[in-house]
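Trainee: This is the structure I have questions about; it appears just below.
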Amino acid sequence: MNQQHKYPEITWHKNEYVHVQQALTILKDIISREDKRHEMDQHLTPSMYSLLTNEIIPMLDNELDVDYSDDEITESSMTADEMHTAAWQQHQELHN
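Counting from 1, position 66 in the sequence shown corresponds to residue 68 in my numbering; the numbering is continuous, with no gaps.
Next comes the structure, spelled out in structure tokens:
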């Protein structure tokens, strides 16, 4: 019944975000275990629990929540030359 969580494997050549993701997974697991304990049996102090749940975990989640969906990675419908031309025309209009 007590399942071990499989953490992301870390090797020296991985991006540092893998290490941060593993740390976040560990912190979430700690909170999950702490939530199952009776208040008198909890290991974390109330201030540490609050810091993790209200600040650290949400901040790390936010930083790691990058969506590389196909919708965001699309080529512009304008070429670089067209963008520069449009920007130059706008610049001219603003200064005339």
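Heads up, the beta-carbon is just placed ideally off N, CA and C, and yes, glycines get one too.
Mapping the DSSP letters down to three states, classify aspartate 67 as helix, strand or coil.
Mentor: Translated into positions along the sequence shown, residue 67 becomes position 65. DSSP places aspartate 67 in coil when its eight states are reduced to three.
Trainee: Along the alpha helix (DSSP H) that carries isoleucine 32, what are the first and last residues, could you check?
Mentor: Locating residue 32 in the sequence shown gives position 30, where the first residue counts as 1. Segment 18 to 38, the alpha helix (DSSP H) holding isoleucine 32.
Trainee: What is the C-beta distance between aspartate 63 and leucine 29, in whole angstroms, given that I count them as a contact (C-beta under 8 Å)?
Mentor: As a working mapping, residue 63 is identified with position 61 in the sequence shown. As a working mapping, residue 29 is identified with position 27 in the sequence shown. Contact flag wrong, Cβ pair sits at about 10 Å.
Trainee: Which residue marks the beginning of the alpha helix (DSSP H) containing threonine 87, and which one marks its end?
Mentor: Position 85 of the sequence shown, counting from 1, holds the residue named residue 87. It spans 82 to 96 - the alpha helix (DSSP H) in which threonine 87 sits, taken as one unbroken run.
Trainee: Look at the alpha carbon of glutamate 65 and the alpha carbon of asparagine 98, and state the distance between them as a whole number of angstroms.
Mentor: Taking the first residue of the sequence shown as 1, we reach residue 65 at position 63. Taking the first residue of the sequence shown as 1, we reach residue 98 at position 96. Rounded to whole angstroms, glutamate 65 to asparagine 98 spans 43 Å at the Cα level.
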